[in-house]
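Reading through the structure tokens given below for one structure.
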DNA sequence: TTGTAGGCGTTATCAA
DNA sequence: TTGATAACGCCTACAA
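Chains as they are written, first to last, in my numbering: chain A, 135 to 469; chain B, 135 to 469.
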């Protein structure tokens, strides 16, 4: 890895041109004669020169890095999105810098600050609690892509997955299986996403002429532990239900355990549906019926949108439609 | 967020001192009179000055960033480690830059290159396939912490979790429950870790005077899908086994599904043990007996070691001992 | 203890 | 098309 400090200047010297010419070739920022171009490329090769991003950052204001505010870097949900972001950015020579917001407004604010002070060229924000005004404010400094909310502004692009439709599909599936008493576990309603999913659930009930019963709805927090607790609360209310729709797969996993603890079998006693289609969903017992929203694709879309903005184009997100994935955690109501 | 470009120079001006004095205060690199120190701190506060890491990187050679070569950013296993790293580094003002190696030597090499060219102040490498020589070579440029192998060298610190002991504990637990025919699913043996776990398994068998049966050992790859396939291969061999020890939780999850598909019940027909104690392990059905190695702690330990090295101290890793966590996937052998 | 001056490796602005 | 020259924001001798 003999990484001696090979500078642009050395390259220029060897190629017999000025540093500016080398820089121009590197960035394609101006026309350069073919001969010199080749000489420089040759010199770059023999010297093994790699431009120093730090110096570039100082001089040109570009760091070739994109700040990513994620919520919990270790969550299986965000993990897949980060992977998509990383892969997509890499192709354009950018590196993502991930900072966790921990679903905490202060942490998110700090994350933005950290990234801003690192002079990232752009910012991708995955959901979170922070106020829209703050985001719009940051977007004045660097182009920004926000996933999971609707936000308008210059240098600002946002998109959401159609969670509402996804939730409607899931609920409709249960209805088609004959279920009428369908319980629902929401995520933290601070998320637009969580609200959308709840609305999708209500949409489907309405569609089918079923009156929603508030007793069947439990608030939770998108975690496994939360899902398990939710089941406990639901059962303590002593309302009858034959199906349970959880706003994400992680809560569904927790709920499954909660049901199991009460000797309720999935799907024989309770049909269970999740949301997200994490890899895990294939390996739960029984494998989980869920709504696929390709989190990986969300990541690549966000990255692509970012790259579009950076090159001055108007981004355009085209996410795949949500799809219901029927596995074995749901069944026709026993009667 | 009114992030106007507040430079160190402005601070100096406002405080009525020279830029170097401000720098000295910022870095504690030399004694400064109390009066000036206060004046400067005051100025920093009123101006909301935050030093520019990019400029710092160029001038001082320090970027306050640590490169982290992880394998799959989205894996639940690495995710927790990354979280630990992030939290610990943050306390010292460092930011981790994560790049995925994807268990691919080329990718890992590229990751190292990327990180090196970004002038990270240190490198943390989580396992991987890349050759030791290459790592030792990189360590000549920046201090390095390697997790999951034993490596010696200047500016190089490595530590592993005691996987061998962990695996021995797991296997011994099964033996104590009366199992004699214990199948084992290894991870990719390119990992030292995977080898250690296999050795631990063999240790325990030997301890109990059980002759290991190669037919009971299946090679796999640490993924859920791999665990499921492994069960298939095992069953096709038609060897008798009453317990199955998988080298990690993810494979155990896959194995559980594989068993379920063949109508084998856990733990009644087959006792199942995993390794890692991911959060998931608590929510599998039934909850998984496994070996806890706090991946989060591994992350914080790696970060701490890095920080130690950066401040010139000799790092010292003290990881918690592996602990067997008995849940409900194992039971006394039916007789 | 403090300030001055030079430099870190690029890019950007001007002339030529 | 090319090359000087001046930033970029900070750190670090060196001198005072």
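The C-beta atom is built at its ideal place from N, Cα and C for all residues, glycine as well.
Item, Value
"Interfacial residues, the segment 384-397 of chain A to chain B, with Cβ spacing under 8 Å", "387, 388, 390, 391 and 394"
"C-alpha distance - residue 222 of chain B paired with residue 437 of chain B, whole-angstrom precision", "6 Å"
"Close Cβ partners of residue 317 of chain B (< 6 Å) along its chain, the five nearest in sequence each way excluded", "350, 368, 375 and 378"
"Per-residue DSSP class, three states only, for residue 203 of chain B", "strand"
"Nonlocal neighbours in the same chain, by C-beta distance under 7 Å from residue 232 of chain B, ignoring five residues either side", "202, 204, 207 and 216"
"Closer than 9 Å to chain B by CB, residue 220 of chain A", "yes"
"Beta-carbon proximity check, residue 301 of chain B vs residue 333 of chain B, cutoff 9 Å", "yes"
"Distance between residue 149 of chain A and residue 170 of chain A (C-alpha atoms, nearest Å)", "8 Å"
"Chain B contact residues for residue 188 of chain A, given Cβ-Cβ distances below 8 Å", "188, 191, 192, 197, 252 and 253"
"Validate contact between the segment 242-253 of chain B and the segment 248-260 of chain A using beta carbons, cut 8 Å, 3 pairs", "no"
"Cutoff 9 Å: residue 213 of chain A Cβ touching any chain B Cβ", "yes"
"Cβ-based contacts, 8 Å cut-off: residues of the segment 405-424 of chain B near chain A", "413, 414, 416, 417, 418, 419, 420 and 421"
"Residue 257 of chain A - containing beta strand (DSSP E), residue span", "256-260"
"Same chain, Cβ closer than 7 Å to residue 135 of chain A, five either side skipped, listed in chain order", "Residue confidence for residue 135 of chain A is low, a pLDDT of 40 falling below 50, so the modelled location carries little weight and cannot support an answer."
"Residue 405 of chain B versus B:151, B:187, B:380 and B:175, residue with shortest Cα-Cα distance", "B:380"
"Distance between residue 168 of chain A and residue 137 of chain A (C-alpha atoms, nearest Å)", "Low confidence applies here, because residue 137 of chain A scores a pLDDT of 46, under 50, leaving its location unreliable; read the following figure in that light. The alpha-carbon atoms of residue 137 of chain A and residue 168 of chain A are separated by roughly 29 Å."
"Residue burial classification, residue 446 of chain B (beta-carbon count within 10 angstroms, cutoff 16)", "exposed"
"According to DSSP, residues forming a beta bridge with residue 291 of chain A", "A:279"
"Three CB pairs or more closer than 8 Å across the segment 348-362 of chain A and the segment 315-329 of chain A", "yes"
"For residue 409 of chain A, three-class secondary structure by DSSP", "coil"
"Near-chain B residues of the segment 348-370 of chain A - C-beta to any C-beta below 8 Å", "358 and 362"
"Other residues of its chain near residue 183 of chain B: CB distance less than 6 Å, five sequence neighbours each side excluded", "140 and 145"
"Bridge partners - residue 353 of chain B, DSSP secondary structure assignment", "B:320"
"Pair within 9 Å by beta-carbon distance, residue 214 of chain A and residue 230 of chain A", "no"
"Cβ shell of residue 276 of chain B (< 6 Å), same chain only, five flanking positions each side left out", "256 and 257"
"Inter-residue Cα distance where the pair is residue 335 of chain A and residue 364 of chain A", "17 Å"
"Secondary structure of residue 457 of chain B, DSSP reduced to three states", "strand"
"Beta-carbon spacing of residue 453 of chain A, residue 296 of chain A below 9 Å", "yes"
"For residue 411 of chain B and residue 286 of chain B, the rounded distance between their alpha carbons", "29 Å"
"Among A:344, A:385 and A:308, nearest to residue 322 of chain A - alpha-carbon criterion", "A:385"
"C-alpha gap between residue 187 of chain B and residue 198 of chain B, whole angstroms", "7 Å"
"Residues of the segment 303-333 of chain A whose Cβ lies closer than 7 Å to any Cβ of chain B, in chain order", "none"
"DSSP-derived helix/strand/coil call for residue 230 of chain A", "strand"
"Helix, strand or coil at residue 137 of chain A [DSSP, three-state]", "Because residue 137 of chain A sits at a pLDDT of 46, beneath the cut-off of 50, its placement in the model cannot be relied upon, and the following sentence gives the value as read from the coordinates. Residue state, collapsed to three classes: coil."
"Cβ pair residue 451 of chain B, residue 293 of chain B closer than 9 Å", "yes"
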